[in-house]
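*Asks:* The following block contains the structure, expressed as structure tokens.
Residue numbers (my numbering): 25 to 415.
Okay, here's the thing in structure tokens:
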């Protein structure tokens, strides 16, 4: 057989192969180099690995998101349960508090009714079946309050002649019953008589409030009044927001403002162990108590706590009162013993136990809080007080 023909491209197998590496028709099969086949296989493997990694990552992301969503749902459900439990506990506490308040109100109402009944029995025992009604002030007889020897100063021992001097050479208040004459010395400490307290007292715990107009000038048991300091024009006041800073920590009494407000009103009451008819006329020289309308505490004075003077506070309540709550009402200048107490006359309030008097001066403890003390004999302008009645 003759040899293959020569071509311009030469002879041999390459003459049957295209430039692109494909086998020419009729030519022998072409075998790809081993390195090329390995390279392609590596690329395929890498692609598969990358696809697998992507698929795994997507799977992990989805699972993590589902897990996070489940945790969020659980957290929301737990928070909702906690909120429901807290709300349930709040409702239960509120219901329990209401039950306790209702129970306390029932107890207070029961106690109030019991005390009213006891008070009515005591009034019946004192006045008989014709005891005055707390709701019928017009039924009170305008009799003169005639206290026992303990409840009044002896008029025959009070001198009203002569001129007044710094040593009280004119009017001299009588000595308290069964005790030495007054010394007006804060160091001369005098103790209260325990038998003249509210304990086992026949004195009614409350008296009806008598609201008098300025035209009715006669002061009575039960009268509601304000006391204006004549020298400064300020009114005797007390409230729960002010306490003494001296150590007794009792409710402060002070002078403030010049027009009566709700914290300026006081009620005239008899001394402990005295049982006057409500509405009885009060005479000068009589021991009285003044109960603060808003807080129910009594005008009170005691030794100690302040240097050189006796402290004035509001103390006790309807069921707690002692002899330090007793004050002798006197007409300024001569005492006026046995004369009718009138709102048109300046008065002195003398503390029965110590003999010293209610005093105020233009000394401010703080803003609009003027000092009130118990000191002196009652012969100074700072000792004068004027009665103010409700309009």
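Glycine included, every Cβ here is placed at the ideal spot set by N, Cα and C.
Tell me the rounded alpha-carbon separation between residue 359 and residue 390.
*Replies:* Whole-angstrom Cα-Cα distance: 34 Å.
*Asks:* Measure the beta-carbon distance from residue 393 to residue 278 and round it to whole angstroms, keeping in mind my assumption that it falls under 8 Å.
*Replies:* That belief holds up - the Cβ atoms of residue 393 and residue 278 are roughly 5 Å apart, short of 8 Å.
*Asks:* Which same chain residues, not among the five before or five after residue 409, have their C-beta less than 8 Å away from its C-beta?
*Replies:* Within the same chain, residue 409 has close Cβ partners 251, 252, 253, 254, 260, 370, 371, 372, 373, 382.
*Asks:* Please report the distance separating the alpha-carbon of residue 311 from that of residue 295.
*Replies:* Roughly 6 Å separates the two Cα atoms.
*Asks:* Which value, in whole angstroms, describes the spacing of the CA atoms of residue 281 and residue 258?
*Replies:* The straight-line gap from Cα to Cα measures roughly 5 Å.
*Asks:* Rounded C-beta distance between residue 354 and residue 309? I'm assuming under 8 Å.
*Replies:* With a Cβ gap of about 7 Å, residue 354 and residue 309 count as contacting.
*Asks:* Where do the ends of the beta strand (DSSP E) carrying residue 280 lie?
*Replies:* Run containing residue 280: 275-280, per the beta strand (DSSP E) assignment.
*Asks:* Measuring alpha carbon to alpha carbon, tell me which of 297, 319, 219, 303 ends up nearest residue 288.
*Replies:* Checking every option, the nearest Cα to that of residue 288 belongs to 319.
*Asks:* Along the beta strand (DSSP E) that carries residue 312, what are the first and last residues, could you check?
*Replies:* Residue 312 -> beta strand (DSSP E) spans 311-316.
*Asks:* DSSP on residue 247, reduced to helix/strand/coil?
*Replies:* The answer is strand: DSSP assigns residue 247 an E or B state.
*Asks:* Go through its chain and collect everything with a Cβ distance to residue 159's Cβ below 7 Å, but skip five positions before and after it.
*Replies:* Because residue 159 carries a pLDDT of 32, less than 50, the predicted location of this residue cannot be relied on, and the following value inherits that uncertainty. Result list for residue 159: empty, nothing under 7 Å.
*Asks:* Can you give the beta carbon distance from residue 345 to residue 307, rounded, assuming they're within the 8 Å contact cut?
*Replies:* The pair is not a contact, with the Cβ atoms about 22 Å apart (cut-off 8 Å).
*Asks:* Quick one: Cα of residue 205 to Cα of residue 196, how far?
*Replies:* Cα to Cα, the separation comes out at about 10 Å.
*Asks:* Give me, in chain order, the residues of the same chain whose beta-carbon lies closer than 6 Å to that of residue 199; leave out the 5 immediate sequence neighbours on both sides.
*Replies:* 205, listed in sequence order.
*Asks:* Can you tell me where the beta strand (DSSP E) with residue 393 in it begins and where it stops?
*Replies:* From DSSP, the beta strand (DSSP E) with residue 393 extends over 393-399.
*Asks:* What do you reckon, are the CB atoms on residue 324 and residue 274 nearer than 9 Å?
*Replies:* The answer is yes: Cβ separation under 9 Å.
*Asks:* May I have the straight-line CA-CA distance separating residue 72 from residue 104, to the nearest angstrom?
*Replies:* Spanning the two alpha carbons is a distance of roughly 47 Å.
*Asks:* Is the beta carbon of residue 293 sitting closer than 9 Å to the one on residue 227?
*Replies:* Yes.
*Asks:* Report the three-state DSSP secondary structure of residue 79 (helix, strand or coil).
*Replies:* Of the three classes helix, strand and coil, the one that applies to residue 79 here is helix, per DSSP.
*Asks:* I need the straight-line Cα distance from residue 286 to residue 99, nearest angstrom please.
*Replies:* Each residue's Cα considered, the two are about 57 Å apart.
*Asks:* Would you mind reading off the limits of the beta strand (DSSP E) that contains residue 365?
*Replies:* No beta strand (DSSP E) holds residue 365; DSSP gives it neither H nor E.
*Asks:* Apart from the five residues just before and just after residue 338, which ones in its own chain have a Cβ nearer than 8 Å to its Cβ?
*Replies:* Only 262, 274, 275, 276, 277, 316, 319, 321, 322, 323, 324 meet the Cβ criterion.
*Asks:* How far does the beta strand (DSSP E) with residue 411 in it reach, from first residue to last?
*Replies:* Note, residue 411: beta strand (DSSP E), 409-413.
*Asks:* Please report the straight-line C-alpha distance between residue 265 and residue 108, rounded to a whole angstrom.
*Replies:* Their backbone Cα atoms lie some 41 Å apart in a straight line.
*Asks:* Tell me the DSSP secondary structure of residue 350 in three-state form.
*Replies:* Here residue 350 sits in coil by DSSP.
*Asks:* Looking only at C-alpha atoms, which of 368, 114, 364, 352 sits nearest to residue 380?
*Replies:* Checking every option, the nearest Cα to that of residue 380 belongs to 352.
*Asks:* By DSSP, does residue 386 sit in helix, in strand, or in coil?
*Replies:* Three-state DSSP puts residue 386 in a strand.
*Asks:* Could you give the distance in angstroms between the alpha-carbon of residue 301 and the alpha-carbon of residue 340?
*Replies:* C-alpha separation (whole angstroms): 23 Å.
*Asks:* Give the secondary structure of residue 164 by DSSP, where H, G and I count as helix, E and B as strand, and everything else as coil.
*Replies:* Because the pLDDT of residue 164 is 38, which lies under 50, any placement of that residue in the model is unreliable, and the number read from its coordinates should be weighed accordingly. DSSP places residue 164 in coil when its eight states are reduced to three.
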